[in-house]
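S.K.: Numbering (the numbering used here), first residue to last: 40 to 385.
Backbone N, C-alpha and C define an ideal beta-carbon position, used for all residues, glycine too.
Every value quoted in this text rests on a predicted model; they were computed, and no experiment measured them.
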Ligand SMILES: [Mg+2]
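#1: How would you write the range of the alpha helix (DSSP H) that residue 34 sits in, first residue to last?
#2: Go ahead and label residue 226 buried or exposed: buried means 16 or more other beta carbons lie within 10 angstroms of its beta carbon, across all protein chains shown.
#3: Express the C-alpha separation of residue 278 and residue 382 in angstroms, rounding to a whole number.
#4: Decide if residue 346 is buried, meaning its Cβ has at least 16 other Cβ atoms within 10 Å, or exposed.
#5: Roughly how far, in whole angstroms, is the beta-carbon of residue 378 from the beta-carbon of residue 325, given that I think they are within contact range, below 8 Å?
#6: Around ligand 1, what residues have a beta-carbon under 6 Å from a heavy atom of it, in chain order?
#7: Smallest Cα separation from residue 215: which of 171, 66, 330 and 260?
#8: What does the alpha-carbon distance come out to for the pair residue 206 and residue 356?
#9: Does residue 123 come out as helix, strand or coil in the three-state DSSP assignment?
#10: If distances are taken between C-alpha atoms only, which option among 274, 332, 234 and 312 comes closest to residue 256?
#11: I need the DSSP call for residue 311, collapsed to helix, strand or coil.
#12: Give the C-beta separation of residue 135 and residue 121 to the nearest angstrom, bearing in mind that I take them to be a contact with Cβ-Cβ under 8 Å.
#13: At a cut of 8 Å, does the region 271-286 reach the region 364-378 through at least three beta carbon pairs?
#14: According to DSSP, simplified to helix, strand and coil, what is residue 369?
#15: Just to confirm my understanding: we take residue 219, look at its own chain, exclude 5 residues before and 5 after, and list those with CB closer than 6 Å. What are they?
#16: Could you pull the DSSP bridge partners for residue 350 from this structure?
#17: For residue 115, does the three-state DSSP call read helix, strand or coil?
#18: Is the beta carbon of residue 199 sitting closer than 7 Å to the one on residue 50?
#19: Note down the Cα distance separating residue 165 from residue 47, rounded to an integer number of angstroms.
#20: Using 8 Å for Cβ pairs, my map puts residue 72 next to residue 133. What's the rounded Cβ distance?
#21: Are residue 182 and residue 117 touching if we call contact CB-CB under 7 Å?
#22: How is residue 96 classed by DSSP in three states: helix, strand or coil?
#23: Can you list, in chain order, the residues of its chain whose CB lies under 6 Å from that of residue 307, leaving out five sequence neighbours each side?
#24: Taking the continuous alpha helix (DSSP H) assigned at residue 147, which residues delimit it?
#25: Using a Cβ-Cβ cutoff of less than 7 Å, which residues in the same chain neighbour residue 106 once the five nearest sequence positions on both sides are dropped?
#26: Suppose you measure from the CA of residue 93 to the CA of residue 235; what does that come to, to the nearest Å?
#27: Considering only their Cβ atoms, is the gap separating residue 208 from residue 302 smaller than 7 Å?
#28: For residue 350, which option in 313, 370, 365 and 270 has the closest C-alpha, if you only look at C-alpha atoms?
#29: On the DSSP bridge assignment, give the partners of residue 67 in chain order.
#30: Helix, strand or coil: how does DSSP classify residue 84 here?
#31: Quick one: residues in its chain with C-beta nearer than 6 Å to the C-beta of residue 323, no 5 flanking neighbours on either side, listed in chain order?
#32: Here's the rule: buried if 16 or more other CB atoms are within 10 angstroms of the residue's CB, otherwise exposed. What is residue 264?
#33: Using alpha carbons as the reference points, say which of 172, 195 and 86 lies closest to residue 56.
#34: Would you kindly check if the distance between the Cβ of residue 272 and the Cβ of residue 260 is under 7 Å?
#35: Tell me where the beta strand (DSSP E) around residue 167 begins and ends.
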C-alpha cells in the first residue's frame, strides 16, 4: 500500500461500526430479499421456487496470495466462485453472505477495497448481500461466502443425469487461469530475489485476468432458457476438466471419451504454455479455476448450440465399462488422468 494513503485501524470503528461502513452502501435489488443486514438473520422469500445454497471458504496462503492479488479482485473473485456453483445447477443466484476472519494487519481502508470488489460482483450479477460475520484471526485472512439461489424444480440440473450417447460440452476456453497463476508465481519469485527488476507481463493480460478476475457464466444459463435447452448433467470447472468430467461420470454411472483436438484453448494459453515448457492440452485438462460450465446434452439438442462460439462439443458419454478416455489428435486412445496439480483450486 502506498505510503501516503490513509490508514485506519479497525479498532477505531468497532465491529458494528465496521459492518455499517462495509455494508451500508449495499441496496437490495431482488424482491425475494425481505430482510438483509441489520437484524439477527436475513429473511428470504423463495416465491414458490426451490432454494439452492453453496458455500466456499478461502484461506490466505492456501487459496490466494496477497503478494499479487489486489484486495478488490479478491473480493470480486470470492463472490464469483460461489455464483458459478449456483449457475452450475441451472439456477439464479439471489443473495450472498460474506464472513471474514482478519488479523490486525488489515486496516479499514484495506477492507474498503475488498468490499468494493464484493459490491462490484453484486452489481454485475444482481445479487444482494444479506449478512455475514466478522471476527479476528491470529494470522491471515479467511473469507467465507455463501450464495443462495432459486430455480423452478423442473429446471434444476445435477451431476448425475448424463446418459450414454449424450454430448459433452464446455463453454469458453480452458487452461488460461492456470497459466495466469504460473505467470504471477514466476514474477513473485523474481521479485523476491531481485526487487528492482520490472515484471515481465506483456502478452499476459488475458491469462492474468482469467486468474485474478474470473467471471461466472450467467450468460450461458440465460442462453439455455432462451433456446429451451436443459442439460442432462452440469457442473462448473473449478478443479480442471479431467477430474471434473469424472465427477459427472461417476455420479451418472457412465464413461466418457474426450477429443483432445476439440478442447478449446485460446491462442494466449497455447503460446504461454509452450514458453513454460508445458503441454497446452495438459494445462486445459488439469489447470483448474476456469469457472466455465461443463455439461452434457442429448444429441438432438446440438443444433441449438450451433453457431454460438461460446460452446464447444468436446466428447461423448459412453458406457461405464469403456472407462474415461482421451482420444488424441493422432487418434490414439489414452486413459484420462485427473492429476489435479493445481492446489490453488477451490
Ligand atoms: Mg462447483
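M.R.: Reading from the atomic positions:
#1: This structure cannot settle anything about residue 34, because the visible part of the chain is limited to 40 through 385.
#2: buried
#3: With a pLDDT of only 41 at residue 382, under the threshold of 50, the placement of this residue in the model should not be trusted, and no figure is reported.
#4: Its Cβ having fewer than 16 others within 10 Å, residue 346 is exposed.
#5: 5 Å
#6: Cβ atoms closer than 6 Å to ligand 1 belong to 124, 127, 274, 275 and 277.
#7: 330
#8: About 6 Å.
#9: helix
#10: It is 332 whose Cα lies nearest to the Cα of residue 256.
#11: helix
#12: 7 Å
#13: These segments touch.
#14: coil
#15: 246, 247, 249 and 250
#16: Assignment of beta-bridge partners to residue 350 by DSSP yields 210.
#17: helix
#18: no
#19: When rounded, the separation of the alpha-carbon atoms in residue 165 and residue 47 is 31 Å.
#20: 7 Å
#21: yes
#22: strand
#23: 245 and 246
#24: 147-164
#25: 227
#26: 43 Å
#27: Between residue 302 and residue 208, the gap from beta carbon to beta carbon reaches 7 Å or more.
#28: Minimum Cα-Cα distance from residue 350 among the listed residues 313, 370, 365 and 270 corresponds to 270.
#29: Beta-bridge annotation (DSSP): residue 67 is not paired with any residue.
#30: coil
#31: 213, 214, 302 and 304
#32: exposed
#33: It is 172 whose Cα lies nearest to the Cα of residue 56.
#34: no
#35: 167-170
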